[in-house]
Amino acid sequence: MRDAVGEAHYPSALKSKVESRLRDPASPGHPRLVGLIAAALAVIIVGSLVFIRLQSSTGFLPAAHPQTRPSSAPTVPPSGTLQSIGRLPVEDLAVANLSQAADAVSTPDLLQTSSGRAVRLVGAYADTAGIVLILRSLPAGHPMVQISDDSGQINSGYGEANGVIGDLVVSYMQPPRAGADGVAHLGVTVSNFVQGPPGPPAVGSANSGVWSFSVSLKIQPATPLTLSPTLTSVGSWKVTVEKFELTPSVVHLRAVVDGPSSIDVNQNAFALLDDAGNPINVAGASFVPKGGQKSTQVDMSWGRVLRATTYRLQVKGGGSTYTSGPASFAAPPAPASSPSAKGGKGQALTPLDFPAAAESLNFGDAMSGHISTGRPQSCGAGSGGSGQLFSFATYFQINQVWYWLSFSTDPTIQQYHGPGTYSVKASLAPVSPLGPTEPTFVGSALLVITSDSGLHEGNVNGTLHWTDDQKQTVTVSGKWTCMPGRELGPA
C-alpha cells in the first residue's frame, strides 16, 4: 500500500482512519462580543420592550470513488465574509488551523437529512494547500467524505478532527481546481457515519445515509516564500522544491526528494522553525513514492503562528542538515479575539473579561461533564413594557472548549416577582471569536432563584434539544451563582 499511496501524517489530536483504494476497481470518475451581548439581551427583553490541523500520526483517508454531484444538492455561492466570523466556533477554527483566516471561511449553513440523521455543512475553506470542511451532526460519528470539482474527483487523503459538540473538521491535502469563472465549484458527498472511535477497522454502529452538498469557494491565494540558500540537496539527498508558500492558514511545502528510499523520507526529516527557532506543529503531511523507491513526493503544511514574521525551513537527511535563512513576510492581521485570553483595546470582549463565579452544574446526554466555574455574562432582574423578567447566562468550559448557556423568564407568561421557581427558556451555544453563535440547543428548564440580592443564586433543572434533531438532547442540573454588575445586566 505504501508504494501506491505513500504515507500521510497528521498530528496526534486527530481522529482519523485508513481505507485502501487498492482493492477497488478503477473509477471513470471524474459583533464584537459586546454587540452580541446586547443582541442576546435584546432577545430576552424583546417580549417586554418591544439575544480545536488536523492532526494525527495514525494515517489518512484515501479519497473514495467519484460520484456525480446530485442536482438536488443544496447550493451556496462563495460567501466568506467578516460577518461570518460570528457563526464559526473558535474551537472549530483552531482545530482547522483557520484562527487567523476566519474571515476567509465560507459559512454555507446547508442542511440535509437522510436515514434519520441530519448533517449540516457549517463551514468551508480552500487555498492552494488544501480544502477544509466543517460538518455538524449528532450523534457524533466519522463518515466517509468525497469531494469533486468541475475537473473531477479530488484524489487526496483526508483527516478528521472533532470541534465543538457535534462538529467534525475534515481536511483535504489537495487544493481544488478553479472553474472557468475562477471559483472552485465543489460537490461534497458524505456517507456511512460510523458512531464510535475511528478505524481502521471501523467499529460501532453505522448509518447508511447519503448527504450531498454543493458549495462554491474562492481559492485563497498564497504568497511565495524564498529559501536562501537555495535548497537543491541535503547531503546525499537531491531536493527539488516545487512550492514553499504562505497561505492564509498554513505554511506549505511541496518538494520531490531523490536518492534515499522512500521509507526514509518522513515527517521527522522536515521542520519549520518560528522567529525564536522553535519547531511549529505540523498541520498535515504526506509522502508518496514517485516512480520508484528512490523518489518521494513530499507535501507538508504547518499552522501559521500568531505574530510570526519569519520562518526557517530545516531538513535533516543524507548525513547532513539544511537550515534556511529567515523567510520574511508581513505579519498577518491579528485574529479575532480568543476566548482563552482577555480582549485587548479595540477588540471584542472574551469570556475571560467577565468575573469568574462558582457554579456546580452537571451536563448529560450529548454533552457530558461537570463545571465548577463559570463566567456569567447576564445576571439579574429587569423591567420593560411587558413587565419584570430575570436572566442568567454564563460562559463555561467543558473538555477545554468554550460554550455559552442562558436561562431567561418570559414576562408574557409569568412575571418575575422575586425568589421562587420559574419555567424559563434555555439555550446553549458554542462561542465564536465575537461571542456566542446561534444556539445549537434550545429548550426549557425550571429555574429556582433562592436569592436575588447581592450574590444571586439558585438551582436549575432542564432539557435542551438540538435545533437540527429534537431527539438529540443535553440535560443540565445543579446550582448556579452570579453577581450582578454594569456589564452583566439586566440588573
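Each residue of the sequence shown is one higher than the one before, counting from 32 in the working numbering.
Glycine included, every Cβ here is placed at the ideal spot set by N, Cα and C.
A quick note: this is a predicted structure, and the numbers were derived from the prediction, not measured.
When the Cα of PHE318 is compared with those of ARG285, GLY350 and ASN128, which residue comes out closest?
-> One-based indexing of the sequence shown puts residue 318 at position 287. Answer by Cα proximity: ARG285.
Beta-carbon separation (whole angstroms), GLY190 vs ASP123, contact threshold 8 Å = As a working note, residue 190 is residue 159 in the sequence shown. As a working note, residue 123 is residue 92 in the sequence shown. Between ASP123 and GLY190 the Cβ distance is about 14 Å, and since that is not below 8 Å, they are no contact.
Considering only residues of the same chain and omitting the five flanking positions on each side of ASN238, which have a CB-CB separation below 6 Å?
-> The residue given as residue 238 occupies position 207 in the sequence shown. Excluding positions up to five away in sequence, the list reads SER146, ARG148 and PHE224.
Beta carbon of ALA565 nearer than 9 Å to that of THR341 = As displayed, the chain neither begins before 32 nor continues past 522, which places residue 565 out of reach and without an answer.
Pairing CB atoms from the segment 412-420 with CB atoms from the segment 441-450, are three or more of them under 8 Å?
-> Taking a cut-off of 8 Å on C-beta distances, the segment 412-420 touches the segment 441-450, as three or more cross pairs fall below it.
Should the segment 264-277 be regarded as contacting the segment 195-211, the criterion being three or more beta carbon pairs within less than 8 Å?
-> No, because fewer than three Cβ pairs between the segment 264-277 and the segment 195-211 fall closer than 8 Å, the two stretches do not touch.
Neighbourhood of SER187 by C-beta distance below 7 Å, restricted to the same chain and skipping five residues each side | Residue numbering aside, residue 187 sits at position 156 when the sequence shown is read from its first letter. Cβ within range, chain order: ALA94, TYR203, MET204 and GLN205.
Among ALA307, LEU258, ARG167 and LEU262, which one has its Cα closest to the Cα of VAL221?
-> In the sequence shown, counting from the first residue as 1, residue 221 sits at position 190. Answer by Cα proximity: ARG167.
Taking C-alpha atoms, which residue in ALA424, ILE196 and SER182 lies nearest to VAL505?
-> As a position in the sequence shown, residue 505 is number 474, starting the count at 1. Distances from the alpha-carbon of VAL505 to those of ALA424, ILE196 and SER182 put ILE196 closest.
Neighbourhood of GLY290 by C-beta, 8 Å cutoff - its chain only, sequence neighbours within 5 removed = Walking along the sequence shown from the start, residue 290 turns up at place 259. Within the same chain, SER267, TRP268, LYS269, LYS325 and GLY349 come within 8 Å of GLY290 by CB-CB distance, once the 5 residues on both sides are set aside.
Which residue from THR494, SER417, ASP483 and ASP305 puts its Cα closest to that of ASP396?
-> As a working mapping, residue 396 is identified with position 365 in the sequence shown. Ranking the options by Cα distance to ASP396, first place goes to THR494.
For LEU303 and VAL288, believed in contact at Cβ under 8 Å, the rounded distance | The residue labelled residue 288 in the question sits at position 257 within the sequence shown. The residue labelled residue 303 in the question sits at position 272 within the sequence shown. With 8 Å as the limit, VAL288 and LEU303 do not qualify as a contact, their Cβ atoms being about 16 Å apart.
According to DSSP, residues forming a beta bridge with LEU459 = Counting from one through the sequence shown, the residue named residue 459 turns up at place 428. Its beta-bridge partners are LEU436 and PHE472.
Measure the alpha-carbon distance for PRO386 versus SER247 and round it to whole angstroms.
-> Against the sequence shown, residue 386 aligns to sequence position 355. Against the sequence shown, residue 247 aligns to sequence position 216. Our two residues, PRO386 and SER247, have alpha carbons roughly 42 Å apart in a direct line.
So what's VAL121 in DSSP terms, helix, strand or just coil?
-> Walking along the sequence shown from the start, residue 121 turns up at place 90. The three-state reading of DSSP puts VAL121 in helix, counting H, G and I together.
Buried or exposed: GLY161, going by 16 or more other Cβ atoms within 10 Å of its Cβ?
-> If you number the sequence shown from 1, residue 161 lands on position 130. Buried.
Contact between the segment 322-337 and the segment 303-312 (3+ Cβ pairs under 8 Å) = With the cut-off at 8 Å, the segment 322-337 and the segment 303-312 touch.
Closer than 8 Å: ARG335 CB and nearest the ligand ZN heavy atom = No copy of the ligand ZN appears in this structure; indeed no ligand is present at all.
Can you tell me which of the three DSSP states GLY509 falls into?
-> Stepping through the sequence shown from its first residue, residue 509 is reached at position 478. Here GLY509 sits in strand by DSSP.
My guess is that VAL473 and THR498 are in contact by the Cβ rule of under 8 Å, so how many angstroms apart are they, rounded?
-> Here residue 473 refers to the residue found at position 442 of the sequence shown. Here residue 498 refers to the residue found at position 467 of the sequence shown. THR498 and VAL473 do touch by the CB rule: their CB atoms are close to 6 Å apart, below 8 Å.
Since PRO403 and PHE423 are thought to touch, with beta carbons under 8 Å apart, how far apart are those beta carbons, to the nearest angstrom?
-> Stepping through the sequence shown from its first residue, residue 403 is reached at position 372. Stepping through the sequence shown from its first residue, residue 423 is reached at position 392. For the sequence presented, residue 403 should be read as Ser rather than Pro. Incorrect: roughly 17 Å between the Cβ atoms, too far for contact.
Kindly indicate which three-state DSSP category GLY267 falls into: helix, strand or coil?
-> For the purposes of this step, residue 267 is identified with residue 236 of the sequence shown, where counting begins at 1. First, the amino acid is wrong: residue 267 is Ser here, not Gly. Correct three-state label for SER267: coil.
Other residues of its chain near GLY293: CB distance less than 6 Å, five sequence neighbours each side excluded | On the sequence shown, residue 293 is found 262 positions in, with the first residue counted as 1. Here residue 293 is Ser; the residue named in the question, Gly, does not match the sequence. Taken in chain order, the residues that qualify are PRO320, GLN324 and THR327.
Can you say whether PRO525 is buried or exposed, counting buried as having 16 or more other CB atoms within 10 angstroms of its CB?
-> Outside the displayed range of the chain (32 to 522) lies residue 525, so it cannot be described from this structure.
Which one of VAL329, SER264 and LEU277 has the shortest CA to CA distance from VAL296?
-> For this step, residue 296 is matched to residue 265 along the sequence shown. Ranking VAL329, SER264 and LEU277 by Cα distance to VAL296 puts VAL329 first.
Taking PRO120 as the reference, give the member of GLY213, GLY154, GLY489 and THR144 with the closest Cα.
-> Along the sequence shown, one-based indexing puts residue 120 at 89. Answer by Cα proximity: GLY154.
Enclosing beta strand (DSSP E) for VAL195 [first to last residue] | The residue given as residue 195 occupies position 164 in the sequence shown. For VAL195, there is no enclosing beta strand (DSSP E), as DSSP marks it with neither H nor E.
Can you tell me whether DSSP reads LEU262 as helix, strand or coil?
-> Along the sequence shown, one-based indexing puts residue 262 at 231. Under the three-state reduction of DSSP, LEU262 is assigned to coil, being neither helix nor strand.
Relative to the C-alpha of ALA125, which residue among ASP158, ASP305, LEU459 and ILE165 is closest?
-> Within the sequence shown, residue 125 is the residue found at index 94, counting from 1. Considering only alpha carbons, the answer is ILE165.
With distances taken Cα to Cα, identify the nearest neighbour of ALA192 among ASN128, THR278 and ALA211.
-> For the purposes of this step, residue 192 is taken as residue 161 along the sequence shown, with counting starting at 1. Nearest option by C-alpha distance: ASN128.
HIS487 to LEU478, Cα distance in whole Å?
-> Reading the sequence shown from its first residue, position 456 is the one you call residue 487. Reading the sequence shown from its first residue, position 447 is the one you call residue 478. The straight-line gap from Cα to Cα measures roughly 12 Å.
Closest to HIS173 by CA distance: which of GLN184, ASP198, SER182 and ASP180 is it?
-> For the purposes of this step, residue 173 is taken as residue 142 along the sequence shown, with counting starting at 1. Considering only alpha carbons, the answer is ASP198.
Taking the Cβ atom as the reference point for each residue, do ASP158 and GLN251 lie within a distance shorter than 9 Å?
-> Working through the sequence shown from its first residue, we reach residue 158 at position 127. Working through the sequence shown from its first residue, we reach residue 251 at position 220. ASP158 places its beta carbon less than 9 Å from that of GLN251.
Taking only the alpha-carbon atoms, compute the straight-line gap between GLY489 and ILE480 and give it to the nearest angstrom.
-> As a working mapping, residue 489 is identified with position 458 in the sequence shown. As a working mapping, residue 480 is identified with position 449 in the sequence shown. Cα to Cα, GLY489 sits roughly 4 Å from ILE480.
Could you give the C-beta distance for GLY405 and THR425, rounded to a whole number, given that I count them as a contact under 8 Å?
-> The sequence position of residue 405 within the sequence shown is 374, counting from 1. The sequence position of residue 425 within the sequence shown is 394, counting from 1. The C-beta distance from GLY405 to THR425 rounds to 4 Å, short enough to meet the 8 Å contact threshold.
Quick one: is VAL507 buried, meaning 16 or more other Cβ sit within 10 Å of its Cβ, or exposed?
-> Residue 507 sits at position 476 when you count from the first residue of the sequence shown. VAL507 comes out buried.
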